[in-house]
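Going line by line, the protein sequences match chains U and L.
Just so we're aligned: 217 in our numbering is position 217 of the first sequence, and the numbers increase by one with no gaps anywhere.
For our numbering, add 1000 to where a residue sits in the second sequence, where the first one is 1.
Only one structure is covered here, and it is reproduced in the block below.
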Amino acid sequence: MQLVLEKRAERSALIAVASPLIAIVLTLVTMSILFAILGKNPIAALNVYFVEPLTDPYTLGEIVVKATPLIMIAIGLAFCYLANVWNIGAEGQFIMGAVCGSYLAVVTNGTGAGPWVLPAMLVMGAAGGALWALIPAICKVRFGANEILTSLMLVYVADLIMDYLVRGPWRDPKGMNFPTTASFDPVATVPTLMDGSRVHAGTIVALLVVIAATVMLGRTIKGFEIRVVGAAPRAARFAGFSSNKLVLFTFAVSGGLAGLAGIIEVAGPVGVLQPGISPGYGFTAIIVAFLGRLNPVGIMIAGLFLALTFIGGEGAQISMKIPLDLTKVFQGILLFYVLACDSLILYRIRLIAGQGKAAPKTA
Amino acid sequence: MGLIEAIFLSVIAASTPLLLAAAGELVVERSGVLNLGVEGMMIMGAACGFAGAWLTGSTLIGALCGIAAGAALSSVFALLTLGLAVNQVAAGLALTILGVGLSGLIGAGFVGEKINPAPHLYLPVLTGLPVVGKILFGQDGFVYFSVALVAAIWWFLYRTRSGLILRATGDSHTSAHALGYSVLRIRLLAVLFGGGCAGLAGAFLPLSYTPFFIPGMTAGRGWIALALVVFSSWMPGRLVAGAYLFGAVSILQLHAQAFGLGIPSQLMTALPYLATVIVLVIISRARGGGGSVAPASLGTVFVPDR
Chain U
1 MQLVLEKRAE RSALIAVASP LIAIVLTLVT MSILFAILGK NPIAALNVYF
51 VEPLTDPYTL GEIVVKATPL IMIAIGLAFC YLANVWNIGA EGQFIMGAVC
101 GSYLAVVTNG TGAGPWVLPA MLVMGAAGGA LWALIPAICK VRFGANEILT
151 SLMLVYVADL IMDYLVRGPW RDPKGMNFPT TASFDPVATV PTLMDGSRVH
201 AGTIVALLVV IAATVMLGRT IKGFEIRVVG AAPRAARFAG FSSNKLVLFT
251 FAVSGGLAGL AGIIEVAGPV GVLQPGISPG YGFTAIIVAF LGRLNPVGIM
301 IAGLFLALTF IGGEGAQISM KIPLDLTKVF QGILLFYVLA CDSLILYRIR
351 LIAGQGKAAP KTA
Chain L
1001 MGLIEAIFLS VIAASTPLLL AAAGELVVER SGVLNLGVEG MMIMGAACGF
1051 AGAWLTGSTL IGALCGIAAG AALSSVFALL TLGLAVNQVA AGLALTILGV
1101 GLSGLIGAGF VGEKINPAPH LYLPVLTGLP VVGKILFGQD GFVYFSVALV
1151 AAIWWFLYRT RSGLILRATG DSHTSAHALG YSVLRIRLLA VLFGGGCAGL
1201 AGAFLPLSYT PFFIPGMTAG RGWIALALVV FSSWMPGRLV AGAYLFGAVS
1251 ILQLHAQAFG LGIPSQLMTA LPYLATVIVL VIISRARGGG GSVAPASLGT
1301 VFVPDR
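Right, dumping it as structure tokens:
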């Protein structure tokens, strides 16, 4: 038996819509097997993971809280990936956004500064993320350095910068030596939207980002340019689109959005700058971007779904003693299936019996 | 044992995992495949390698478990990128995310356990030599293997017919296909080999570098190994130089921290990562901005027409 790909005459529209759903179903089946291997009842585990969080108003709110940064970061990444630019350092841009925005919160702490603080923090957060993202972008445009590796290396550097600040100059003097800044003042805090829930105004920002990105990618020349450069670089050159400028642009947009997500996260649900502000949002957002088919509305749905896995994973850890790492396994498997199903949009799979030998194994 | 000797020994120990992982990835990339999942395969190798060694008490079995784990994970990557023509960058990222999660799951039960580190192999007369004796002839098996591996890869790539075919596949898969070679089979073998090397590199960490397992202990070494392949211009000889240079940077920053020069420890810890960025920039710039020395088909999807 041999597995052979046949190119379809045209993209399959049906599979384009169905592929994320097929991927999710396949992931759930795989997860059930994993649960069984771990000696847990698969039905009960899937229930804790994917159903229980949806039945309680508080955890529903938590899903929205977790989805907010994921959606913002993933939309920025979609700009990059559509243009065939590979920013995988969103985690670092998220952290640098949080750091730059927090600077204002730290220096104005306890000074009774006015309500200008929060808007200024958001601007600085977005700027910080964008500038951090421009480092790999400039290295690529000016010197041809591979942006995948440089953007990822800068994640570690960003993490260490934050670590230095909260253990050194920015540490809360009354914080009993814990590596954290003082709690942000109310004027430096993103307000919550309702009592009894941590859902905050940042979610509205995320929705605005979804709308703006939908318009930009679907209805403007810039959006068209991004698609052309990504899908047909040769045609883009004939059209006079500069791929270098687009690298800078898409990195700045994705870094800015990741930075904005970062400062909203620390000024909102977290309330201080401290290590561990992100449970890997920047990396999970890569999955969100692909699961959402690099489409803003799709990303919103995918972001909520991935947020559900974070919350469900925490629930499963507490009630069923299922290790938290299983959430990452779930996310990795999901991305594999999404990519595999996407391949069916362009190709038809044929199994052919015959001379094809099974893959030989040599050292 | 003098300080200088201690530094040399630790540099070699820090360089070995980079060299092992990068050597495997070099072969993969020479065949035209970009597998960004090195970090995931390494950490899986670390978890499974430690598990194997702890359960059996044998470093060798641990190392074999690491190789098997890396190769197994890379077979998933091969199925996707070769079998289903999936984008290699995205599949590599998925592999890393999956590997980090799975290793945490497997390794959770072993955190806090200790094993006996890999024995150092002493040679009767040579190890007793002054100055260089212990540095050159007092290492463990991993170190010797890593150097032998790179030599073997060099010989394979440049002195054998199969190596020539592999390089041709990486430079032009359409030509290789037209000549009747099975591009996908060659790449499958290369990817499995690279996975095994990454797994072994990961296994080195808990089996020799530190005699215990901690989640995430690869700490970006897989990514640095990827950068080293670029640094080496896809040539095995330069890979050795690069790996030892990076090993030296990561060790010297530790010693500088111990001296306490008033530099924040975080800056020193960031040095290997910053060095990677700077080296990538310098290397890319020296080549005039193009990846002209990279295998021409690197990272592109190949679907054979029948």
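Beta carbons: idealized from backbone N, C-alpha and C, even for Gly.
Close beta carbons around residue i, own chain, < 8 Å, minus the five adjacent residues each side
{"i": "L:V1303", "result": "A1085"}
{"i": "U:L273", "result": "A98, V99, S102, A105, V106, M162, L165, V166, W170, T180, T181, V266"}
{"i": "U:A145", "result": "P136, C139"}
{"i": "U:L324", "result": "G313, E314, Q317"}
{"i": "L:H1255", "result": "I1007"}
{"i": "U:T108", "result": "V117, D185, V187, A188"}
{"i": "U:M121", "result": "G101, S102, L104, A105, A188, I263, A267"}
CB of residue i within 8 Å of CB of residue j, strictly
{"i": "L:G1222", "j": "L:A1069", "result": "no"}
{"i": "L:L1018", "j": "L:G1220", "result": "no"}
{"i": "U:V297", "j": "U:V210", "result": "yes"}
{"i": "L:I1106", "j": "L:A1047", "result": "yes"}
{"i": "U:V157", "j": "L:A1270", "result": "yes"}
{"i": "U:A78", "j": "U:L294", "result": "yes"}
{"i": "L:G1170", "j": "L:G1032", "result": "yes"}
{"i": "L:F1204", "j": "L:F1142", "result": "yes"}
{"i": "U:H200", "j": "U:G268", "result": "yes"}
{"i": "U:A307", "j": "U:G292", "result": "no"}
{"i": "U:E6", "j": "U:Y347", "result": "yes"}
{"i": "L:E1029", "j": "L:V1229", "result": "yes"}
{"i": "U:L38", "j": "U:I322", "result": "yes"}
{"i": "U:G280", "j": "L:P1264", "result": "no"}
{"i": "L:A1023", "j": "L:L1192", "result": "no"}
{"i": "L:T1300", "j": "L:M1042", "result": "no"}
{"i": "U:I88", "j": "U:S151", "result": "yes"}
{"i": "U:L207", "j": "U:V229", "result": "no"}
{"i": "L:T1276", "j": "U:M96", "result": "no"}
{"i": "L:A1190", "j": "L:L1166", "result": "yes"}
{"i": "U:V64", "j": "U:T203", "result": "yes"}
Neighbourhood of residue i by C-beta, 7 Å cutoff - its chain only, sequence neighbours within 5 removed
{"i": "U:A363", "result": "Per-residue confidence for U:A363 stands at a pLDDT of 38, beneath the threshold of 50, marking its modelled position as unreliable; the derived number appears in the next sentence. Here the set comprises nothing."}
{"i": "L:D944", "result": "Outside the displayed range of chain L (1001 to 1306) lies residue 944 of chain L, so it cannot be described from this structure."}
{"i": "U:A36", "result": "P42"}
{"i": "U:N244", "result": "V141"}
Other residues of its chain near residue i: CB distance less than 6 Å, five sequence neighbours each side excluded
{"i": "U:Q93", "result": "G129, W132, A133, G255, A258, G259"}
{"i": "L:G1052", "result": "I1061, G1062, C1065"}
{"i": "L:Y1273", "result": "none"}
{"i": "U:T27", "result": "I333, L334, Y337"}
{"i": "L:L1020", "result": "S1146, C1197, L1200, A1201"}
{"i": "L:A1168", "result": "A1176"}
{"i": "U:P84", "result": "Here residue 84 of chain U turns out to be Asn, not Pro, going by the sequence shown. Contacts found: G230."}
Contacts that residue i makes with chain U (C-beta to C-beta distance below 7 Å)
{"i": "L:N1035", "result": "Ordered by position in chain U, no residue passes the 7 Å Cβ test against L:N1035, which lies about 12 Å from the chain."}
Amino acids of chain U, ordered along the chain, whose beta-carbon sits closer than 8 Å to that of residue i
{"i": "L:G1163", "result": "Residues of chain U passing the Cβ test: none, with the nearest at roughly 14 Å."}
{"i": "L:P1264", "result": "Y164, G168"}
{"i": "L:L1245", "result": "Going along chain U, no residue has its Cβ under 8 Å from L:L1245, so there is no contact; the nearest lies around 16 Å."}
{"i": "L:T1269", "result": "L160"}
{"i": "L:G1045", "result": "Here the premise fails: no neighbours, minimum Cβ distance about 16 Å."}
Contacts of residue i in chain L (Cβ-Cβ under 9 Å)
{"i": "U:V205", "result": "Within 9 Å Cβ-Cβ: nothing; U:V205 doesn't reach chain L, min ~27 Å."}
{"i": "U:L5", "result": "G1083, L1084, A1085, V1303, P1304"}
{"i": "U:Y58", "result": "Neighbours of U:Y58 on chain L: none; closest Cβ ~27 Å, over 9 Å."}
Residue i: contacting residues in chain L (beta-carbon distance under 7 Å)
{"i": "U:I333", "result": "L1098"}
{"i": "U:N146", "result": "V1230, L1280"}
{"i": "U:A340", "result": "L1080, L1084, V1086"}
{"i": "U:W86", "result": "V1089"}
{"i": "U:V29", "result": "In chain order: nothing, as chain L lies at least about 16 Å away."}
Residue i: contacting residues in chain U (beta-carbon distance under 9 Å)
{"i": "L:Q1088", "result": "Ordered by position in chain U, no residue passes the 9 Å Cβ test against L:Q1088, which lies about 10 Å from the chain."}
{"i": "L:G1104", "result": "P323, L324, D325, L326, K328, V329"}
{"i": "L:S1172", "result": "Those within 9 Å of L:S1172 in chain U number zero; the least Cβ separation is about 19 Å."}
Proximal residues of chain L, C-beta to C-beta of residue i below 8 Å
{"i": "U:I263", "result": "The contacting residues do not exist; U:I263 stays about 21 Å from chain L at best."}
For the pair the region 69-82 of chain U and the region 255-270 of chain U, tell me if three or more CB-CB distances fall below 8 Å. Counting Cβ pairs under 8 Å, three or more are found: they touch.
Whether or not the region 1034-1048 of chain L and the region 1088-1106 of chain L are in contact is what I'm after, with contact meaning three or more pairs of Cβ atoms, one per stretch, closer than 8 Å; do they touch? Between the region 1088-1106 of chain L and the region 1034-1048 of chain L, the count of C-beta pairs closer than 8 Å reaches three or more; the two stretches touch.
Within the region 152-204 of chain U, ranges of the beta strand (DSSP E) (whole runs, at least 3 residues): Counting whole runs of 3 or more residues, the region 152-204 of chain U contains no beta strand (DSSP E) stretch at all.
Any chance the region 1099-1114 of chain L sits against the region 322-336 of chain U, with 3 or more Cβ pairs inside 8 Å? Yes, since at least three Cβ pairs between the region 1099-1114 of chain L and the region 322-336 of chain U fall closer than 8 Å, the two stretches touch.
Identify every run of the alpha helix (DSSP H) within the region 33-121 of chain U, keeping only runs that are complete inside it and at least 4 residues long; order them along the chain. Along the region 33-121 of chain U, the alpha helix (DSSP H) occurs as fully enclosed runs of 4 or more residues at 42-46, 57-82, 90-107, listed in sequence order.
When you compare the region 17-27 of chain U with the region 312-320 of chain U, are there three or more beta-carbon pairs, one atom per stretch, that lie closer than 8 Å? Result no; under three Cβ-Cβ pairs closer than 8 Å.
Quick check: the region 1249-1259 of chain L against the region 1005-1025 of chain L, are there 3 or more CB pairs under 8 Å? Look at the beta carbons and you see the region 1249-1259 of chain L touching the region 1005-1025 of chain L: at least three pairs across the two are nearer than 8 Å.
Can you find at least 3 beta carbon pairs, one from the region 1293-1300 of chain L and one from the region 1232-1244 of chain L, that sit closer than 8 Å? Yes: at least three Cβ pairs fall under 8 Å.
At 4 residues or longer, and completely inside the region 1047-1091 of chain L: list those alpha helix (DSSP H) runs for me, N to C. Counting only runs of 4 or more, we get 1059-1078.
May I have a chain-ordered list of the alpha helix (DSSP H) segments no shorter than 4 residues that lie completely inside the region 239-323 of chain U? Within the region 239-323 of chain U, the complete alpha helix (DSSP H) segments of 4 residues or longer fall at 243-265, 281-291, 296-320, listed in chain order.
In chain order, each alpha helix (DSSP H) run of at least 4 residues that lies wholly inside the region 1125-1213 of chain L: List check, alpha helix (DSSP H) in window: 1133-1137, 1141-1159, 1161-1171, 1173-1178, 1183-1204.
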